[in-house]
Amino acid sequence: MTRSPALALLVCYLLATASMAWADMQVIGYVTGEQTAAEVAQLDDTAFTPLRDGQSLGFVDGAIWVKLDLDAAPDQEPIFLTIRPNHLDRIAVYDSQRPQTPFFMGGDSVASPATFLRNGYTVPLSRDLSGGSLLVRLDSHNLMQPSFGVMRLNEILRLEHILSIVFTVALSATLFYLLWALSAAFLHPSVLLGSYVLRLTCYLMVLFVHSGTWRVLTSGETLAPQDVAHNLSALCYISFAQIFDYVLLRELRGRWWQRLFLATVVAFSLAKSAAFAGGSVALALQLNNLSALVTLFLGTGAAIAAQHAQSGSFRISRTAVGLYFILQALPLLVLILADQMESAHFRALQELALINYSILPGAYVTYLLFQRQRRVVHEQRMLAEQRNALQATAEIEIAKRREISDLLAMLTHEVKTPLAMLQMAQTIGEMNEQLVGKAAGTIKHILQQCDRVDEIENGQLTVEMAPINLTQALRNASDDTRASVDIASCPAAQVDADPNLLQIVLQNLLYNAQKYHRPGTPITAEITQDETQTELRLANLCRSNTMPDPNRMFDKYYRHSGAAAQSGTGLGLYIVAQLCSRMAVTVHAEIVAERVILVLRFARATKIYVSK
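Residues -23 to -1, 1 to 589 in mature numbering (1 follows the signal peptide of the UniProt record, and there is no 0) are what the sequence shown spells out, letter by letter.
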């Protein structure tokens, strides 16, 4: 952004120095009207209105005849007459001594001869020109601002080289803005970015057409007449630019100014469209230029009168918006003062006006939109993080409520059974110590399981690893649970674990196997070991209609729907999984031929002890 003014001054200097033509020519003046070349040739020089090179004549109905005097006939070195700008509908050049037939015909409405200058026409001047006077007829529906020069070929090529550099700078900058706007609009769509993409796209079209590059690329031929393309591109570009400016103004707080701006844009758009459709092209272009200037002043006024936004970090400040409108309006103000300035140097400002948007306002507003987009992305990221945090909090709350509900359901189900037993015994009058003890034991087991889960989940569990004889620990757990387990074939194996926690794990596994195994079938234990691990496998045939889901067996409160008749908290295997995780022991379940196999895998295996 800081280099844009310097770049604009450099381009202006290059164009000014490149516009100096060979000075062996004098513009006598011009006359208007539908006259023949022979009639104009008979006029005295005093009949011509003086014309400065590059002077703006406004929108002229009909033809303009310009008389040029050459100081001398061309010498041995080829020279060319240059005629600019390039958007002239029809050009005819006559020798004043032989005005019957033009020796050059060109313009937007006809296929033009090859030219060395993209923003104008080059007419070769032959040695047989007699008298050194030329008559040039110009027809145009556009703003008439003719410029003439006599230049050698190397001067024309130098000027064309400068124009190519200027066009490349403008094209590269615009493509950069457009690619950024497209990517930003794709990632975070908005009306502001969409309208900016449309404006830049139309501006690219204007660059190609108004700089003459489109005529060069098509070798003078176009699918539609060049003058139509020039006029339509100018009308469309101003309309799209005004749409973007209106969307930009909506960043400010000033609805009255915004409505006035929009009403002005709509009114001028309808008026110029009607004029163009009715054939009044000059009127349409005049309205187009006037609307551009009026809306730029309205935009500047809206920025000054607007209030600062009190909410929403997405908005652009009124100072930034006002400066953007001023940067666009300055070149138009300079062009309006064309008649007050020396035309030889003003030509450079005219060329600069075409690429002004890509150098100053385009770079500035792209920077503003980039900063705005950064704030948008940041705000959206913050909102997403807040939304995710709230969602996570809600999910945690839902999980807690679900867990409380599951706990209450489990307690209601499990405590109800021993209480029912006591109530029934009391009713029939057979209350005894054994029955009371069994009911109390059931309730105590439920509470112990809940306490263990609470210790585990609240981090109150202390793990003290030590070498343990796994086979002996399994025998002890079998005795504690009174489970009938076939351990005879298990070799003695030493593993690293917490003795108390391992005992709880084994007891819960045996309780589970004993509760759900098929009556009359054994519970088998198998211990295998190698150099890297020791594995314990407890297997039992499952009761009919109680085959569990191996992927959910270790979930909290999980119980198979067919096991409702069996008492249980649904916490036993959950406790096993949690304790194994803290002892670095892996645990999983397998279902093989109606056999439920619970597998404990210890990270290390130690020496085998010989049983006594």
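All C-beta atoms, glycine included, are put in the ideal place defined by N, C-alpha and C.
Below 8 Å on the Cβ atoms is my contact criterion, and I expect residue i with residue j to pass it. Report the Cβ-Cβ distance as a whole number of Å.
i: L130; j: F57; result: 7 Å
i: F93; j: I41; result: That belief does not hold up - the Cβ atoms of F93 and I41 are roughly 24 Å apart, past 8 Å.
i: P444; j: D473; result: 6 Å
i: Q122; j: S33; result: 5 Å
i: A65; j: G84; result: Position check: residue 65 holds Leu in this sequence, whereas Ala was assumed. Confirmed, about 5 Å.
i: I142; j: Y98; result: The Cβ separation is near 21 Å, so there is no contact.
i: L148; j: L175; result: That pair is no contact at about 18 Å.
i: R95; j: S188; result: 6 Å
i: A18; j: P76; result: 5 Å
i: L181; j: T151; result: 6 Å
Thinking C-beta only, is residue j closer than 8 Å to residue i?
i: L556; j: L478; result: yes
i: R576; j: P525; result: Just to set this straight, residue 576 is Val in the shown sequence, not Arg. Contact flag unset, no.
i: I293; j: L345; result: yes
i: L120; j: L262; result: yes
i: A469; j: N446; result: yes
i: L155; j: T178; result: yes
i: residue 594; j: V462; result: A question about residue 594 goes unanswered here, because the residues of the chain that appear run from -23 up to 589.
i: N517; j: I500; result: yes
i: T272; j: Q219; result: yes
i: G109; j: L20; result: no
i: L237; j: L270; result: no
i: residue 590; j: L212; result: There is no way to answer for residue 590, as the model of the chain reaches only from -23 to 589.
i: D22; j: A259; result: no
i: V168; j: V113; result: no
What does the alpha-carbon distance come out to for the pair residue i and residue j?
i: T59; j: F36; result: 22 Å
i: R520; j: L487; result: 15 Å
i: residue 598; j: F221; result: Outside the modelled stretch of the chain, which goes from -23 to 589, sits residue 598, for which no answer is possible.
i: Q368; j: H565; result: 32 Å
i: F579; j: T511; result: 5 Å
i: H494; j: V569; result: 14 Å
i: residue 594; j: T343; result: This structure cannot settle anything about residue 594, because the visible part of the chain is limited to -23 through 589.
i: G255; j: V8; result: 28 Å
i: V587; j: T498; result: With a pLDDT of 41 at V587, under the threshold of 50, the predicted position of this residue should be treated as unreliable, and no value is reported.
i: L226; j: E356; result: 21 Å
i: F163; j: E228; result: 21 Å
i: S124; j: Q3; result: 12 Å
i: E372; j: R352; result: 29 Å
i: G10; j: S73; result: 17 Å
i: E571; j: R536; result: 17 Å
i: E432; j: I481; result: 14 Å
i: A376; j: T448; result: 39 Å
i: P101; j: W157; result: 45 Å
i: P338; j: A306; result: 10 Å
i: Q363; j: T370; result: 10 Å
i: E137; j: L310; result: 27 Å
Just list the residues that DSSP pairs residue i with in beta bridges.
i: A233; result: Per the sequence shown, residue 233 should be read as Trp rather than Ala. Paired residue(s): none; W233 is not in a bridge.
i: V564; result: L577
i: N517; result: V573
i: E512; result: T505, R578
i: F57; result: P101, M128
i: G35; result: M121
i: R75; result: D72
i: I445; result: V472
i: S110; result: D46
i: H494; result: C519
i: T13; result: Answer is none; T13 lacks a bridge partner.
Name the residue from the options whose alpha carbon lies nearest to the alpha carbon of residue i.
i: Q437; options: R429, F579, P444; result: R429
i: T13; options: L65, V4, Y71, S149; result: Y71
i: R29; options: V17, E11, I5; result: I5
i: L550; options: T296, C213, I281, A490; result: A490
i: A554; options: I568, R529, A279; result: R529
i: E441; options: M560, R230, S172, R495; result: M560
i: F347; options: F185, P308, Y173; result: Y173
i: N265; options: S216, E374, Y98, S117; result: S216
i: E567; options: G547, L513, M128, L548; result: L513
i: D532; options: P496, E380, Q449, T458; result: E380
i: F153; options: N435, T439, A340; result: A340
i: N63; options: D38, H118, F80, D48; result: H118
i: R349; options: V298, R364, E374; result: V298
i: L515; options: A460, P496, S558; result: A460
i: Y534; options: P527, L304, L548; result: L548
i: S86; options: T26, H207, D21; result: H207
i: D456; options: T439, N485, N365; result: N485
i: W233; options: V17, A280, H187, F253; result: A280
i: S335; options: L360, P308, R358; result: P308
i: A450; options: T439, Q471, S466; result: Q471
Please confirm if residue i has its CB atom under 8 Å from at least one CB of chain B.
i: E374; result: Looking for chain B here will not work: only one protein chain is present.
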